[in-house]
Structures are given as structure tokens and as C-alpha cells.
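For the record, the sequence lines run as chains A, F and C. To get the numbering used here, take the position in the first sequence, counting from 1, and add 737. To get the numbering used here, take the position in the second sequence, counting from 1, and add 737. To get the numbering used here, take the position in the third sequence, counting from 1, and add 2. A short write-up of the structure that comes next.
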Amino acid sequence: MARPADQLGDDVRAEARRAVEAVVLVTEEPIEAGLLGQLLELRPAIVEELCLELAAEYEEQGRGFQLVRVAGGWRFQTHPGQAPYVERFVLEGQHAKLSAAALETLAIVAYKQPISRAQVASIRGVNVDGVMRTLQHRGYITEVGRDPGPGQANLFGTTRTFLEQLGLDSLDALPPIGDFVPGADVVEQLEHGLRPDAEPLSDSLSRLEDTDTERTAPGDES
Amino acid sequence: MARPADQLGDDVRAEARRAVEAVVLVTEEPIEAGLLGQLLELRPAIVEELCLELAAEYEEQGRGFQLVRVAGGWRFQTHPGQAPYVERFVLEGQHAKLSAAALETLAIVAYKQPISRAQVASIRGVNVDGVMRTLQHRGYITEVGRDPGPGQANLFGTTRTFLEQLGLDSLDALPPIGDFVPGADVVEQLEHGLRPDAEPLSDSLSRLEDTDTERTAPGDES
Amino acid sequence: MPYEVQTPVFEGPFDLLLHLILQEQVDLYEVSLAAIVDGYLRELGRMEQLELEVASEFLLIAATLVELKSRRLLPVGDDLDLDEELAVWEERDLLLHRLVECKTFKEAAIALQVLAGEAGRSRPRVVGVDDRFLGLMPDLLEGVDAEEVRRAFLRAMVPRPVPRIDLEHVAPIRISVTDAITELVEELPRLGRTTFRDLTSHLVERLQVVVRFLAVLELFKKGLVDLDQPRTFGDIGIVWRGEDGAREVGEVDSLEDLATVDAYDG
Numbered sequence: 738m739a740r741p742a743d744q745l746g747d748d749v750r751a752e753a754r755r756a757v758e759a760v761v762l763v764t765e766e767p768i769e770a771g772l773l774g775q776l777l778e779l780r781p782a783i784v785e786e787l788c789l790e791l792a793a794e795y796e797e798q799g800r801g802f803q804l805v806r807v808a809g810g811w812r813f814q815t816h817p818g819q820a821p822y823v824e825r826f827v828l829e830g831q832h833a834k835l836s837a838a839a840l841e842t843l844a845i846v847a848y849k850q851p852i853s854r855a856q857v858a859s860i861r862g863v864n865v866d867g868v869m870r871t872l873q874h875r876g877y878i879t880e881v882g883r884d885p886g887p888g889q890a891n892l893f894g895t896t897r898t899f900l901e902q903l904g905l906d907s908l909d910a911l912p913p914i915g916d917f918v919p920g921a922d923v924v925e926q927l928e929h930g931l932r933p934d935a936e937p938l939s940d941s942l943s944r945l946e947d948t949d950t951e952r953t954a955p956g957d958e959s
Numbered sequence: 738m739a740r741p742a743d744q745l746g747d748d749v750r751a752e753a754r755r756a757v758e759a760v761v762l763v764t765e766e767p768i769e770a771g772l773l774g775q776l777l778e779l780r781p782a783i784v785e786e787l788c789l790e791l792a793a794e795y796e797e798q799g800r801g802f803q804l805v806r807v808a809g810g811w812r813f814q815t816h817p818g819q820a821p822y823v824e825r826f827v828l829e830g831q832h833a834k835l836s837a838a839a840l841e842t843l844a845i846v847a848y849k850q851p852i853s854r855a856q857v858a859s860i861r862g863v864n865v866d867g868v869m870r871t872l873q874h875r876g877y878i879t880e881v882g883r884d885p886g887p888g889q890a891n892l893f894g895t896t897r898t899f900l901e902q903l904g905l906d907s908l909d910a911l912p913p914i915g916d917f918v919p920g921a922d923v924v925e926q927l928e929h930g931l932r933p934d935a936e937p938l939s940d941s942l943s944r945l946e947d948t949d950t951e952r953t954a955p956g957d958e959s
Numbered sequence: 003m004p005y006e007v008q009t010p011v012f013e014g015p016f017d018l019l020l021h022l023i024l025q026e027q028v029d030l031y032e033v034s035l036a037a038i039v040d041g042y043l044r045e046l047g048r049m050e051q052l053e054l055e056v057a058s059e060f061l062l063i064a065a066t067l068v069e070l071k072s073r074r075l076l077p078v079g080d081d082l083d084l085d086e087e088l089a090v091w092e093e094r095d096l097l098l099h100r101l102v103e104c105k106t107f108k109e110a111a112i113a114l115q116v117l118a119g120e121a122g123r124s125r126p127r128v129v130g131v132d133d134r135f136l137g138l139m140p141d142l143l144e145g146v147d148a149e150e151v152r153r154a155f156l157r158a159m160v161p162r163p164v165p166r167i168d169l170e171h172v173a174p175i176r177i178s179v180t181d182a183i184t185e186l187v188e189e190l191p192r193l194g195r196t197t198f199r200d201l202t203s204h205l206v207e208r209l210q211v212v213v214r215f216l217a218v219l220e221l222f223k224k225g226l227v228d229l230d231q232p233r234t235f236g237d238i239g240i241v242w243r244g245e246d247g248a249r250e251v252g253e254v255d256s257l258e259d260l261a262t263v264d265a266y267d268g
């Protein structure tokens, strides 16, 4: 049950904070308090409170990362004060890689061209304006026309530079994607993800709920 | 330039810790202390020291994430105790389990590398082409050279992905193969099972009498 | 495909032999070569299709076993050729060695699996560099090949799983087809061509998806959208036919009487 903040036991609170830290660490896009709240069976307002608390803690402890609220969700990012180091890391080149998200955006344009920004966004499920601008700026994609439809949206395609960088003669040389059918593992994951009460979750939630029970997860010692 | 540890002022140390946190946050692969040291203008040994310090701090503060050394570098990862939450949220990138055949083949490559496909097959007693292809495709093994001998067979070894998937810092962290050599009792059992002429004549004769029984009773031999 | 697909129990001749010798964890000296040979031959007979390469390995071992068995059955005579005798022992030692090796790696494989299982409880952060730093990269495509682009595309096209969490404890959700139609009329003109999957990818509740589906059907009935579904169970394509969103809202009001019956309590 969602509880008001003052009824939140110390254990539950500590466990919820840990869960927030873990989940936000690995999500690629900012994650909404509502979604986090569903997972933890806590009201979004309480999740917001926990996130603010964590963010303040990181700041106070002088961490090199921050927990910030961006585009309606929470994410980890580097502290602005550390930007010079991140920049140096990026400039080293061979070590910094295009993020999986950016590469996916580029791949969608490559295989679905001509395609509008909105269409790419709808496939990726997030706003792609920033990445698309960067890719365009770097000369990997370019405007190739306009949608004849009502909005007359700009349509994008890949450039010669893109082909050269990949060592391809033409777009035809892109590896064929075939009749893409998700593998059995993917389907299973999807089912797992969509199943209303998968075991691990209810287990962990019940652990969250009865605070007195013996708690065995390694993260619990503190 | 690189400074020895004892000359590291508190400010420098705090700044270096922050920088480590920021850079490790944005790497997609474990980052070596050497590279971190280069970016921070510190000796790798000092970087290692700072990383260990941070890792201990996160553990002590009961964070939902960890700083760990894997495949020769440092990375952030979720705390194992938070697995139930993380698994529910992040379904992508989960690796399907390897079959028993694939695992055994992988174990042979891991401990005997560099090794040719034919050598693996001869240990397993079966054709391993399919399994080796799967392992290669999944990124666990790769061609690491060619046999200088007549056939110039491709030689295989394990990859960085292999280390990352097993959470190992290096191949040296693999448990020694000696741990898995069957004990004297098992070897004796195997030896006895294949003994051509070890039994006294009387036993052989009694065996001859009940030709079709699966086994003789325990009392009959000794 | 190697035969192991057909016989999941035994991963090759050594596996079978190990099993036959070690299966009975009883008195050491109960192990009988006769039983092993018989068991081995029986399993061999049971395998219907064998790859030539695999079969020859099985047969080689079977032959060695039979030879060992025959030695055991025959009283040892003085007339035996010493070379022959040595050869048999050599064969046996080789077989024994290979069995021990096979057993060793079987154990090692289990250890690797345990390690992987433990490591699998943690998930590395692979979010990468913030978009704001992308502009600095000397070459974005350094080290990226066409195959990687293909994989990224396939990854992007996999329908995104939505964490599905029991929401009963949260405030009851009231969803109506009317609300859904109003949303769609605002959304669709902006999207141009879209798919039902995309329209519903952010929805958590199955009921919400159902309601959206009914809403889309309503709009289709009214001639405000075109629908197509090239393949059975494939994506349903949706194209807005109305002039623009704002103008159609009035029309939606007239839909309301059709739709209000469908108000649900979540």
C-alpha cells in the first residue's frame, strides 16, 4: 500500500532509497517518480522526496555525480564541476563511445530513411531532437526532403560521410535486417516484464512491507 | 605530473575522487586505472587507492550501487541486493543462459586458451562447431591467433566480455583448474570401471555364469 | 546440427561413459565393466541419427570397451602377445585420462555458471556520455561497424517492455473511450503516420490499451483515420485523415454519446 511519508519505517525508507539508486543508475532515459513509485509501492510524492534527499546528500558529500530531475524524470549525470575531466575523457576518442541510445537513433535513420524526426522519436519512445542535431552537425545525417503530408516535416537520411565511416559503398551494403522476429529470449523477457505479479517483485515488495521480517539481501547491512 | 600518494593534499584528493566518480559514470566499459590516471594526472596506483576507498564508502553508506573492478577496469553497477527491482525495470541487455554444452566448451577454452576448435572437440568428444560459433557470436570467445603448425588452425581465447559476464577482474581470477580435478575416489572408480584384468579368476567365472545380470551384488566381489 | 540436440542427456561419448561408471555412488568395487559396456552399447543403439564424426568417436570408445571386456572375460594366458597386451593398457589409460579431463571441465563449467549467476545479479551502467558531450567527440563512429549499426537498429525495433506493476493500491483509474478519443484527436494530427503499438507503448494498464483501441475504431468509423494492417498480428498503421486537430474537437463532442457507455473503473 502507498503510505504517507511519516509512516515510512527506517528500514523501508533505506531499502527504497537503495532501490531508487540502483534503478536510476541503469536506466537510459530519465525515469519518472510515478514509475519508481509503482515499483516501490510508494506514492510518487514520497519518491520525489527520497530523490531530493539523495540529491542533497550527493551534493553535501561532494560527489562527482548528481541526481537530477530532467524532462519530468530522474537521472544520474556528471557534476558540472567535473565537466573538464569528462571532456578530456571524450576527447581521448577511442574510449568514449556513442551511447547505445545515440547509435540506435542513427541506425533507425539509416534503415528507415527518409524518415522524420517525429517518426524516429516515436520508434525510440523519447525526444530525439538533441541527438538528431548532433548527428546532423557531425555530417552523418542530413535533410533529404519534405514529407508531402500535412505537416511537411523534414525527412532525414544518412550521408556519404556515414557510408565512408562505416566502409560501405552504398546503402545497399548495409547488412540486411531480414524479417526481423524477436528471439525466444526477447519474447520471454517481454512476457516476464508484462506479467502482473512476477515472483521476484512480489517477494521484494513483501520484504518491503513487513519490516520486521528477517532481511537477508546483501544490500541490507549498513 | 603524477604525484606520489603522500604528497596528495586533501583538496587534490577530494577533487580526484570527484573526477573518478564523474568519468566512471560515463564509461560504457570498465575503465582502467591507467587511463583514469592519465586524465587526472595521477599515478594508476593512487587511482586504484581512491577507487577502493570510494567502493568501501558506498558499501558502508548502504548505496544501491557499487564501484567494482571488472575485466581490468572500474565500473559502476547495481548492488546485487537490488536485483529484484532492477530486473523488473531493465529488461534489455539481459543475457540468455548458456546451455550445459556451451558452458563446458567455454570452460575448456577459458582454461586451455589459446586452443583450436579441433582440440576442443577432441576433449569434448563431439563436434563443437555449432557451440563455438554460438560462443563467438555471443562475444565470449574470439580468434586470438593461428596455430604455427601445418594446418594453421585458428586459435581461440576468451574475451573481455567473458570476464565482464563472470564479474572477473582477469583470467588469473578464475578458480584454479586443479580445484576441479576429480578426487582420488572418483578416479579410482573410473579406473576400476575400465580395468581389463584386475579381478581374481573366481570373480570372472562367477561373472561368466550370470551373463546377463546388470551387476553383481556387492558381496560377490572384493 | 550435432547430435546433442537430439539426445539432451548425453553430451558425447565421454559424458555417457562418465555417467555409466559414476552413476551408482555405491561401493567402489561394484562397478562392473560388463555393465558399462552393455549400457554403452545400449545407448549407442538408441541413438537414431549420428553425425559421422561423432559416431566414429562413440564407436571407437565402444570398441575399446569391448576389447577391455573381452580381456576381463578370458583367463589371462601366457601365450598373449606382450605388445598386444600393452596396447590394450595404453588404450585404457588414454580413455581414463580423457574421462578425468572431461569430468574436470564439467566441474569447471558448473563453477563458471555459478560465477556468471552471481555477476548477473548486478547490472553495469552503460548509459554512456551525456548527449551534451557528444559534440566533442572527435569521431562518433570510431570503432563502429555496419554490423553494429544493424544490431542497434534491431534493438531499437524491439517493442519496449513496459514494467507492469499492480496498480490496484494506487488511486483507482477511470478511463473512458471519450477521454481516449479526445487525446487521440490532439495527438494524431501531430504524428502523421503512426502505429497502434507506438500510440500505446507508454501505457501501463492493459485496460488503457483496450480503451485506446476502441477509440481508434471509433475514429475510423467516423472517417477521421485510415487503418491498415499488412500482416496478421502485425502493427496496425494509423494515418490521420482529418484536417487538423483543433477543428475536429467539435466533432468529437458528438461522439461522446457513443462513447460514454464505456467508462471503466480501473
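Positions of the beta carbon are idealized from the N, C-alpha and C atoms, including for glycine.
Taking the Cα positions, K834 (chain A) is about 18 angstroms away from A770 (chain F). Following the DSSP letters along the chain, one finds I860 (chain A) in no beta strand (DSSP E) but inside the alpha helix (DSSP H) bounded by residues R854 to R861. Taking 8 angstroms as the cut-off between beta carbons, the residues of the segment 917 to 934 of chain F near chain C are F917, V918, P919, D922, V923, V924, E925, Q926, L927, E928, H929, G930, L931, R932, P933 and D934, in sequence order.
Between the alpha carbons of G867 (chain A) and Q850 (chain A) lies a gap of roughly 19 angstroms. In terms of Cα proximity to L772 (chain A), the closest of F:Y822, F:H874, F:R780 and F:V881 is F:Y822.
Among the residues of the segment 865 to 883 of chain A, those with a Cβ less than 8 angstroms away from any Cβ of chain C are G867, V868, T871, L872, H874, R875 and Y877, in the order of the chain.
Distances from the CA of P781 (chain F) to each of F:D916, F:G904, F:A753 and F:Y877 were compared; the closest alpha carbon is that of F:A753. The beta-carbon of I238 (chain C) is placed no less than 8 angstroms from the nearest beta-carbon of chain F.
In chain order, T879 place their CB closer than 7 angstroms to the CB of Q873 (chain F), counting only its own chain and leaving out the 5 sequence neighbours on each side. For I852 (chain A), the nearest beta carbon of chain C is not closer than 8 angstroms to its own beta carbon.
Only residues of its own chain outside the window of five on either side were considered, and among them A808 have a CB closer than 6 angstroms to the CB of R897 (chain F), listed in chain order.
Just so you know, the alpha carbons of T895 (chain A) and V129 (chain C) end up roughly 24 angstroms apart.
Across the set F:Q803, F:Q775, F:R806 and F:D748, the C-alpha of F:D748 shows the shortest separation from the C-alpha of G799 (chain A).
Taking the CA atoms as reference points, M869 (chain F) sits about 8 angstroms from R854 (chain F).
For E880 (chain F), the enclosing beta strand (DSSP E) begins and ends at I878 to R883. DSSP, reduced to helix, strand and coil, places F135 (chain C) within a helical segment of the structure shown.
Approximately 11 angstroms separates the beta-carbon atoms of R195 (chain C) and D237 (chain C); this is outside 8 angstroms, ruling out the contact.
Around the CB of P140 (chain C), fewer than 16 other CB atoms lie within 10 Å, so the residue is classed as exposed. Its chain contains T842, V857 and A858 as the residues whose beta carbon lies nearer than 6 angstroms to that of V865 (chain A), once the 5 sequence neighbours on both sides are disregarded; these appear in chain order.
Interface flag for R123 (chain C) against chain F is set, since a Cβ pair is found closer than 8 angstroms. Interface with chain A (8 angstroms Cβ-Cβ cutoff): L835 (chain F) is excluded. E766 (chain A) and R812 (chain A) have their C-alpha atoms spaced approximately 7 angstroms apart. Put simply, the segment 897 to 908 of chain F touches the segment 112 to 121 of chain C. At least three CB pairs are less than 8 angstroms apart. For T895 (chain F), no CB of chain A lies under 8 angstroms from its own CB, so it is not counted at the interface with that chain.
By the neighbour-count definition (other C-beta atoms within 10 Å, threshold 16), A751 (chain F) is an exposed residue. F:S836 is the residue among F:A756, F:S836, F:Q814 and F:H929 whose C-alpha sits nearest the C-alpha of T871 (chain F). Take the alpha-carbon of V761 (chain F) and the one of L911 (chain F): they are about 25 angstroms apart. Interface flag for P140 (chain C) against chain A is set, since a Cβ pair is found closer than 8 angstroms. In the structure shown, Q115 (chain C) falls within a helical segment according to DSSP collapsed to helix, strand and coil.
The segment 917 to 931 of chain F and the segment 98 to 106 of chain C touch, with no fewer than 3 CB-CB distances between them shorter than 8 angstroms. As the crow flies, the alpha-carbon of V805 (chain A) is around 53 angstroms from that of R861 (chain F). Around the CB of K71 (chain C), 16 or more other CB atoms lie within 10 Å, so the residue is classed as buried. Identification of chain C residues near A855 (chain A) by a Cβ-Cβ cut-off of 9 angstroms yields R192, L193, G194 and T196, ordered along the chain. By the criterion of a C-beta distance shorter than 8 angstroms, L927 (chain F) is surrounded in its chain by P919, once the five residues flanking it on both sides are discounted. A straight-line Cα-Cα distance of about 21 angstroms links F899 (chain A) and R134 (chain C).
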